[in-house]
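In the numbering used here, the protein residues as written are 224 to 447. Virtual Cβ for every residue (Gly too), placed ideally from N, Cα, C. Computed from a predicted structure; not experimentally measured.
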């Protein structure tokens with residue numbers, strides 16, 4: 224089957240106009256599976272949001288002004304959700320699903336900004352969550368809040384300042400036999416998913432990693 228996956232940090236969906244505009248835009252992208260970070264969702268809002276979206280949503284709540292992650296499935300996709308694991312702090316959600324007859328494990332994360340917290344979070348994610356999926360087809364994505372290489376950053380401070388976080392991400396990728404989809408298809412190309420208002424600092428902080436055995440199926444990767 225052909226599968227289109229999109230990841231986006233939305234920085235809050237509590238405003239009705241913004242949320243509905245975003246959902247319309249997401250429908251226009253024709254993505255099958257969508258990872259959203261910083262959703263600011265709650266147990267009180269999620270049913271309404273799911274009705275507005277029109278398809279299934281799995282989520283992990285943060286607070287109404289921070290964190291929160293969601294995985295959205297397009298309305299007409301044939302999806303069976305088998306198991307969901309939610310982080311109590313709204314930093315990750317994992318979902319074992321069948322799309323038609325194909326099984327996938329989708330893991331959407333929003334990593335902390337603080338370096339010490341990042342290292343602890345990534346280590347815990349690798350051992351406590353991803354180890355359970357050793358033999359599964361895994362898609363791990365979201366906002367990692369860290370540029371991995373010099374190619375992934377323009378301006379600002381050196382990536383050397385986050386070398387412990389970079390090492391942890393690389394350890395996780397190796398341990399779970401993953402590939403960085405953007406870098407696999409664009410080995411020497413710069414592409415950025417975040418910039419400061421002046422555009423003087425730009426970084427690739429958002430990633431979609433997939434199981435290495437999916438590499439022959441990877442057709443196109445783009446930053447929009």
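Below 8 Å on the Cβ atoms is my contact criterion, and I expect residue i with residue j to pass it. Report the Cβ-Cβ distance as a whole number of Å.
i	j	result
residue 282	residue 269	6 Å
residue 313	residue 342	Actually they are not in contact, since the Cβ atoms of residue 313 and residue 342 sit about 19 Å apart, beyond 8 Å.
residue 371	residue 392	6 Å
residue 296	residue 352	About 20 Å separates the two Cβ atoms, so there is no contact after all.
residue 446	residue 414	4 Å
In its own chain, which residues sit with a C-beta less than 6 Å from the C-beta of residue i, not counting the 5 before and 5 after it?
i	result
residue 360	327 and 434
residue 330	317 and 363
residue 377	425
residue 321	303
residue 278	296, 297 and 298
residue 399	353
residue 423	378
Name the two residues that bound the continuous alpha helix (DSSP H) containing residue i.
i	result
residue 340	338-347
residue 387	386-398
residue 408	404-408
Based on Cα-Cα distance, which residue from the options lies nearest to residue i?
i	options	result
residue 311	284, 323, 230 and 415	284
residue 358	403, 436 and 405	436
residue 234	244, 290, 272 and 227	290
residue 333	368, 438 and 402	368
residue 396	336, 277, 350 and 247	350
residue 325	337, 446, 260 and 225	225
residue 419	352, 379 and 340	379
residue 409	440, 444 and 399	444
residue 286	239, 267, 416 and 373	267
residue 264	345, 338 and 315	315
residue 274	239, 438 and 401	239
residue 288	336, 261, 405 and 308	261
residue 355	402, 382 and 319	319
residue 390	421, 401, 346 and 404	346
Starting from residue i, trace the beta strand (DSSP E) in both directions and tell me its first and last residue.
i	result
residue 434	429-434
residue 327	325-333
residue 366	361-366
residue 226	Taken as a continuous stretch (DSSP letters only), residue 226 belongs to no beta strand (DSSP E), as it is neither H nor E.
residue 351	Note, residue 351: premise wrong, no beta strand (DSSP E); not H, not E.
residue 319	315-322
Using a Cβ-Cβ cutoff of less than 7 Å, which residues in the same chain neighbour residue i once the five nearest sequence positions on both sides are dropped?
i	result
residue 230	258, 364, 365, 429 and 431
residue 253	227
residue 375	426 and 427
residue 385	338 and 369
residue 336	368
residue 276	246 and 295
residue 344	314, 334 and 335
Spatial neighbours of residue i within its chain, please: CB distance less than 8 Å, with the 5 preceding and 5 following residues excluded, ordered by chain position.
i	result
residue 245	233 and 236
residue 280	269, 272, 273, 293, 294, 295 and 296
residue 373	382
Alpha helix (DSSP H) runs contained entirely in the region 245-310, provided each spans 4 or more residues: 269-276
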